[in-house]
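Here the structure is laid out as structure tokens; the discussion comes afterwards.
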Amino acid sequence: MAVKVLIPTPLRAYADKQDTIELAAATVGEALSALTTRFGDLKKHLYGENGKLRSFVNVYLNDEDIRYLEKESTHVNDGDVISIVPSIAGGKLG
Amino acid sequence: MSSEATIRISDTLERRIREHGQGTYPNECCGALLGKDSEGVREISDILPLKNQHKDSPRNRFILTPEDVREAEAQAKRTGSELLGWYHSHPDAPARPSEFDREHAWPWYSYVIVSVKAGRADEMNSWRLVEDRSGYDAEKIEVNGQGDESTPASPTSTGAKNASHKAP
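Chains as they are written, first to last, in my numbering: chain A, 1 to 94; chain B, 1 to 168.
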């Protein structure tokens, strides 16, 4: 399936400055894997050392948070749009 | 990322960030920075104050939801600007990123932190995450006066030019 992945501004520098990447994948996880294979520098910003998506990285499939679908196993269809949307967090205590 | 990176902000907007931090004290405030990025110099044209969504520890944590981020991006798009970064306050703590800040930081964005001591805004600094996520480079903050002499820009805004910081 051909899907589009929308890259948020802070990560575009690691994706040849592109805001949209087209990929072939059957699931959201496959699409993200193909994305980080093509653009290796994206990996450390999307995945933690445990190999899981960082907690502040949100992935939407056509405006639906994949946490409420089948997470990275969510199947995709031709023309679907996957969005990577940051959560922003911080605070004074280490 | 060059350590010469600079953000320019009007004294009016700088004051609004300070006032936001004072207004939410002893809790942390947070908001978005909108503007234009041009070869390392970022001109902040507006800020978007947002609600700290952290329910448990708003005195030492802040969080914004993906919907907040989308709203900020939409606001930037509507005004022909870019979402350049975020600001938040550190009540009774230095205007330096914590380890928690670093763990949750994104590259490229500017992170402005204002220290609020006993309810009064104090030092303000801006930071950008370094490439390997190990720490931050400081950004110089240039505050541009707009002739409002009754409310001078704070003397405590610092650029920390050429400085870098590894969160403790």
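Where a beta carbon is used, it is the ideal one built from N, C-alpha and C, also for glycine.
Per DSSP, residue 70(A) lies in no alpha helix (DSSP H) segment and is marked neither H nor E. Counted as a single uninterrupted DSSP element, the stretch harbouring residue 46(B) is not any alpha helix (DSSP H) but the beta strand (DSSP E) occupying residues 41 to 50. When 9 angstroms is used as the limit between beta carbons, residue 104(B) is near these residues of chain A: 54, 55, 56, 87, 88, 89, 90 and 91, in chain order. For the set 45(A), 84(A), 55(A) and 49(A), the Cα lying nearest the Cα of residue 64(A) is the one of 84(A). When beta bridges are read from the DSSP output, residue 38(B) appears opposite 41(B). The C-beta separation of residue 91(B) from residue 112(B) comes to about 15 angstroms, leaving the pair out of contact by the 8 angstroms criterion.
Rounded to the nearest whole angstrom, the C-alpha separation of residue 131(B) and residue 11(B) is 30 angstroms. Shown in chain order are the members of the segment 36 to 52 of chain A whose Cβ falls below 7 angstroms from a Cβ of chain B: 44 and 45. Taken through DSSP and simplified to helix, strand or coil, residue 109(B) comes out as coil. In this structure residue 62(A) is not in contact with residue 78(A), their Cβ atoms being roughly 12 angstroms apart against a cut-off of 8 angstroms. Among the residues facing chain B, residue 24(A) is not included, as its CB has no counterpart in that chain under 8 angstroms away.
Against chain B, the CB of residue 15(A) has no partner CB under 8 angstroms away; the residue lies outside that interface. Taken atom to atom, the span from the alpha-carbon of residue 114(B) to that of residue 26(A) is near 45 angstroms.
Annotated as proximal: residue 47(B) and residue 87(B), with beta-carbon spacing under 8 angstroms. Secondary structure note for residue 69(B): its alpha helix (DSSP H) is the uninterrupted segment 66 to 78.
Distances from the CA of residue 92(A) to each of 30(B), 14(B) and 43(B) were compared; the closest alpha carbon is that of 30(B). Proximity to residue 97(B) across 133(B), 69(B), 81(B) and 67(B) peaks at 133(B), based on C-alpha coordinates. The continuous beta strand (DSSP E) containing residue 128(B) extends over residues 120 to 129.
In the displayed model, residue 14(B) falls within a helix according to three-state DSSP. Distance from residue 31(A) to residue 76(A) at the Cβ level is roughly 6 angstroms; contact confirmed, criterion being Cβ atoms closer than 8 angstroms. Chain order gives no chain A residues near residue 120(B), where near means a beta carbon separation below 8 angstroms; the closest approach is about 16 angstroms. Shown here for residue 8(A): same chain residues with a beta carbon closer than 7 angstroms to its own, the five before and five after excluded, namely 84, 85 and 86 in chain order. In this structure, residue 35(B) places its C-beta atom within 8 angstroms of the C-beta atom of residue 84(B). Taking 8 angstroms as the upper bound for CB-CB distance, residue 82(A) and residue 5(A) are in contact here, some 5 angstroms apart.
Assignment of residue 65(A) by DSSP, reduced to helix, strand and coil, places it in the strand class. Measuring C-alpha to C-alpha distances from residue 61(B) to each of 143(B), 28(B), 95(B) and 144(B) identifies 28(B) as the nearest.
Of the residues 55(B), 59(B), 8(B) and 37(B), the one whose Cα lies closest to the Cα of residue 119(B) is 59(B).
Apart from the 5 residues on each side of it in sequence, residue 2(A) sits with its Cβ closer than 8 angstroms to the Cβ of 22, 23, 24, 78 and 79 in its chain, given in chain order.
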